[in-house]
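Reminder that position 322 of the sequence shown reads as 322 in UniProt numbering, one-by-one numbering, no gaps. Reading through the structure tokens given below for one structure.
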Amino acid sequence: MEIINNTYKLEKANRIYDTYFDENTLFFDIECTGLSPRKSFIYLIGYATRCGNDITITQLLAKNESEEIEILTEFEHVMESFDKLLGFNSTRFDESFIVERCRKYNFATKIKSKNHIDMYLRSTKARCLLDLPNYKQKTIEEFLGLHRDDKYNGGELIPVYQHYSLMNDEKSKELILLHNFEDVKGMIFITDILAYPELLTTDLRYLNHTIEDNKLRFEIETDLELPNPISKQREYGLYIIKNNRIYVTLNLFEGELYTFLPDYKNYYYLINEDIIIPKSIGESMDKECRRPAKRADCKVKKEGQFLALPEKIDIGTTRTFKPTYESKETYIDILDITPTLLVKVCRYMLKH
1 MEIINNTYKL EKANRIYDTY FDENTLFFDI ECTGLSPRKS FIYLIGYATR CGNDITITQL
61 LAKNESEEIE ILTEFEHVME SFDKLLGFNS TRFDESFIVE RCRKYNFATK IKSKNHIDMY
121 LRSTKARCLL DLPNYKQKTI EEFLGLHRDD KYNGGELIPV YQHYSLMNDE KSKELILLHN
181 FEDVKGMIFI TDILAYPELL TTDLRYLNHT IEDNKLRFEI ETDLELPNPI SKQREYGLYI
241 IKNNRIYVTL NLFEGELYTF LPDYKNYYYL INEDIIIPKS IGESMDKECR RPAKRADCKV
301 KKEGQFLALP EKIDIGTTRT FKPTYESKET YIDILDITPT LLVKVCRYML KH
């Protein structure tokens, strides 16, 4: 077994790095000779540690299958000093592969006892924000602006490793180490992608709003700074996110709408007059002139300016208005707009 160390400075540190890649976190990535842990073996484990802004990437390289147990044992020893693991597609592949290979050697690994965060699974939670063709590591690297020197994938490197193992070819060894090094370094770089799913649960703070030209514009502040700006268009409006600010524009409607009373069973509908009256008043009226009110009858008209709401958003007890009872479009009076409601609308837009 050979151990290779490389150290470099972390160019940037922010809340996301400090949350997910602190000094108690071990980044890791494995290289193996195939996808089946029963038919293949691990020939390289790369891992990264952080001390302040100093990053050390260590690579454990097995010359052949007989040295696999050595790199597994060394990695297990390294893991003892860390509570958290971080990887990419690592819970479903890397961890499972290590467990299966340790089982072959009757070696009890503690990898499953660690707090393991899989960046692939975590980043897919932000599909509602991101328009990526897929969530592969190289796709995310490209989205965030990282362009590799390494042009291979893991499968393409299998014959390269086999050539190194048989011939002790230094050029093949360099290609193997470069690929794994850039995988690990790339994972560190794309930690920023976790800002997007984090945005869905972080605190949102109302700053201000204005009404102009049948548009409501408001601004929200967060504690997160997104690495890349994003924008989304909806039928009812749009949002743009830049750094730690969210700029939302929503459509306003000016005209006549109705609010529908929930207690319709307490009213009569006057057939000839197209109005409703409380049953306590209508009991004395001719039965041919009245009937029990239906839900659609119990409406109160209002003229003014209204805010269009996203479909199915829960705004609590705030009065809502519609063009007709059957309409899916829902509005609120602009006089009922509050900072709390705008934050709720913003959060809904981010998640849907």
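Glycine is no exception: its CB is placed at the ideal position from the N, C-alpha and C atoms. Treat the numbers as computed from the prediction; the structure is a model and nothing was measured.
| Item | Value |
| --- | --- |
| For F253 and Q233, the rounded distance between their alpha carbons | 18 Å |
| Between the CA atoms of C32 and E326 - distance to the nearest angstrom | 59 Å |
| 7 Å Cβ cutoff met for P197 and R245 | no |
| Sheet register partners of S231 (DSSP bridge) | I240 |
| Same chain only: Cβ atoms within 8 Å of D297, ignoring 5 sequence neighbours per side | Y264, Y267, Y269, I276 |
| Distance between D333 and K287 (C-alpha atoms, nearest Å) | 36 Å |
| Among I337, Y43, I313, F27, the one whose alpha carbon lies nearest that of G34 | Y43 |
| Where T109 falls: helix, strand or coil (DSSP) | coil |
| C-alpha gap between L200 and R127, whole angstroms | 11 Å |
| Nearest candidate by alpha-carbon position, reference I140, set N89, L166, T19, I111 | N89 |
| Exposed unless 16 or more other CB atoms sit within 10 angstroms - verdict on M187 | buried |
| Nearest-angstrom beta carbon gap, G87 and F27 [assumed within contact, 8 Å] | 7 Å |
| Between the CA atoms of E70 and E100 - distance to the nearest angstrom | 15 Å |
| Buried or exposed by the 16-neighbour rule on C-beta atoms within 10 Å, applied to Y8 | exposed |
| Same chain only: Cβ atoms within 7 Å of K173, ignoring 5 sequence neighbours per side | Y164 |
| 8 Å contact criterion, which L204 and T222 should meet: CB distance rounded | 6 Å |
| K215 versus I111: straight-line alpha-carbon distance, rounded | 53 Å |
| Proximity below 7 Å, CB of C289 to CB of I271 | yes |
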